[in-house]
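Novice: Chains as they are written, first to last, in the numbering used here: chain A, 169 to 333; chain B, 163 to 326. Here a beta-carbon is modelled for each residue, glycine too, at the ideal position from N, C-alpha and C.
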């Protein structure tokens with residue numbers, strides 16, 4: 169079956185998604201995408217020369233969907249705290265303890281959750297010793313980037329989480 | 163036909179993961195605030211319809227349509243809500259969410275007048291869905307303690323105007 173996808177036209181589905189405690193998580197698989205949008209992405213991605221994009225543009229999942237729902241769907245930031253609580257995440261207090269596999273959540277100055285990703289490396293030989301993460305950039309690709317090298321601003325705080333319970 | 167420089171807005175749209183991203187980033191653009199000052203809501207309404215009526219919308223169409231929604235948020239609250247009510251927000255993935263964010267964040271300024279007690283304007287306070295802050299109260303200057311909300315209607319609002 170050929171599905172005609174046009175930009176801006178809502179074309180969404182949802183799937184059954186739950187936390188460990190069986191709380192339903194609102195989600196949306198977005199098919200709101202078009203070849204014309206795909207053509208636009210590289211132009212703007214070139215503003216981030218230090219970033220490696222690791223797959224093809226895909227509107228179905230967003231950063232929270234990548235981080236918490238196996239890249240199957242898009243989740244809103246309002247569900248993140250429920251997931252953290254239900255799934256047994258504990259915040260990692262010291263940057264020195266952050267290791268690959270940990271979750272990173274970006275916050276605005278008002279405490280609003282703004283972006284998320286997964287820590288994949290933490291090169292100790294780099295001067296900053298800052299983690300590198302993979303995160304999903306909107307409808308575009310998954311990006312491999314240094315923690316602060318992304319278009320999501322203003323970021324005033326990043327916090328790291330790991331399932332410990 | 164309205165004029166919007168959409169190059170920067172396109173980037174914000176393409177990288178936005180949520181309606182909240184789009185709302186915040188678009189509102190940072192002075193060009194949209196300026197557009198709100200220069201154009202009447204009816205013009206924006208027509209442009210929105212023109213951009214969203216097509217079955218095959220271009221990226222430019224979608225970005226301009228979102229830009230119009232955000233421009234509306236710079237109008238007076240009552241005016242913006244009236245125009246939002248005339249738009250088919252379902253034409254855009256985040257149309258309804260943008261409207262809901264606006265309503266949640268809108269700061270309504272209320273001038274409360276009590277007649278017959280000497281002074282006309284006794285209280286001015288701003289209210290969002292989540293918080294009420296007094297600007298002046300009984301001529302005592304700025305008061306910003308949200309605990310001073312009066313739920314018993316002791317402040318009678320007889321003269322209300324709205325602004326963003």
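Cα separation between residue 298 of chain A and residue 314 of chain A?
Specialist: For the purposes of this step, residue 298 of chain A is taken as the residue at position 130 of the first chain. For the purposes of this step, residue 314 of chain A is taken as the residue at position 146 of the first chain. Approximately 7 Å, taken between the alpha carbons.
Novice: With respect to the beta strand (DSSP E) encompassing residue 168 of chain B, which residues constitute its N-terminal and C-terminal limits?
Specialist: Numbered from 1 along the second chain, position 6 holds the residue referred to as residue 168 of chain B. From DSSP, residue 168 of chain B is part of no beta strand (DSSP E); its letter is neither H nor E.
Novice: Measure the alpha-carbon distance for residue 229 of chain B versus residue 188 of chain B and round it to whole angstroms.
Specialist: Counting from one through the second chain, the residue named residue 229 of chain B turns up at place 67. Counting from one through the second chain, the residue named residue 188 of chain B turns up at place 26. Cα atoms of residue 229 of chain B and residue 188 of chain B: separation of roughly 7 Å, rounded to the nearest angstrom.
Novice: Within the 7 Å Cβ cut-off, does residue 231 of chain A reach chain B?
Specialist: What you label residue 231 of chain A is simply residue 63 of the first chain in a count that begins at 1. Closer than 7 Å to some Cβ of chain B, the Cβ of residue 231 of chain A qualifies, so yes.
Novice: Quick one, are the C-beta atoms of residue 238 of chain A and residue 283 of chain A less than 7 Å apart?
Specialist: On the first chain, position 70 is the one that residue 238 of chain A refers to. On the first chain, position 115 is the one that residue 283 of chain A refers to. In this structure, residue 283 of chain A does not lie closer than 7 Å to residue 238 of chain A by Cβ.
Novice: For residue 167 of chain B, tell me which candidate among B:181, B:177, B:195 and B:182 has the shortest Cα-Cα distance.
Specialist: As a working note, residue 167 of chain B is residue 5 in the second chain. When only C-alpha atoms are compared, the closest one is B:195.
Novice: Counting only the same chain and skipping the five closest in sequence on each side, list residues whose C-beta sits under 6 Å from that of residue 181 of chain A.
Specialist: To locate residue 181 of chain A, count along the first chain from 1; it is residue 13. Correct list, in chain order: 197.
Novice: Please identify the residue among B:214, B:236 and B:198 whose C-alpha is closest to the C-alpha of residue 257 of chain B.
Specialist: Position 95 of the second chain, counting from 1, holds the residue named residue 257 of chain B. If we check each option's Cα against that of residue 257 of chain B, B:214 comes out closest.
Novice: Interface residues of chain B around residue 314 of chain A at Cβ under 7 Å?
Specialist: On the first chain, position 146 is the one that residue 314 of chain A refers to. By Cβ distance, chain B contributes nothing, its closest Cβ being about 17 Å from residue 314 of chain A, past 7 Å.
Novice: What is the residue span of the beta strand (DSSP E) that residue 197 of chain A lies within?
Specialist: In the first chain, counting from the first residue as 1, residue 197 of chain A sits at position 29. Looking at the DSSP string, the run of the beta strand (DSSP E) that includes residue 197 of chain A is 195 to 198.
Novice: Can you tell me whether residue 316 of chain B is buried or exposed? The criterion is at least 16 other CB atoms within 10 Å of its CB, across all chains shown.
Specialist: In the second chain, the residue the question calls residue 316 of chain B occupies position 154. Residue confidence is low: residue 316 of chain B scores 40 on pLDDT, short of 50, so the model does not pin down where it sits. Its coordinate-derived value is still stated next. Classification of residue 316 of chain B: exposed, given that the 10 Å Cβ count is below 16.
Novice: So, helix, strand or coil for residue 320 of chain B, using DSSP?
Specialist: To locate residue 320 of chain B, count along the second chain from 1; it is residue 158. With a pLDDT of 39 at residue 320 of chain B, under the threshold of 50, the predicted position of this residue should be treated as unreliable, though the coordinate-derived value follows. Note: residue 320 of chain B maps to coil in three-state DSSP.
Novice: How far does the alpha helix (DSSP H) with residue 327 of chain A in it reach, from first residue to last?
Specialist: Counting from 1 along the first chain, the entry for residue 327 of chain A is found at position 159. Unbroken run through residue 327 of chain A is the beta strand (DSSP E), 325 to 331; no alpha helix (DSSP H).
Novice: So which residues of chain A does residue 176 of chain B contact, with C-beta pairs closer than 8 Å?
Specialist: Taking the first residue of the second chain as position 1, residue 176 of chain B is located at position 14. Result: 205, 208, 209, 212, 306, 307 and 308.
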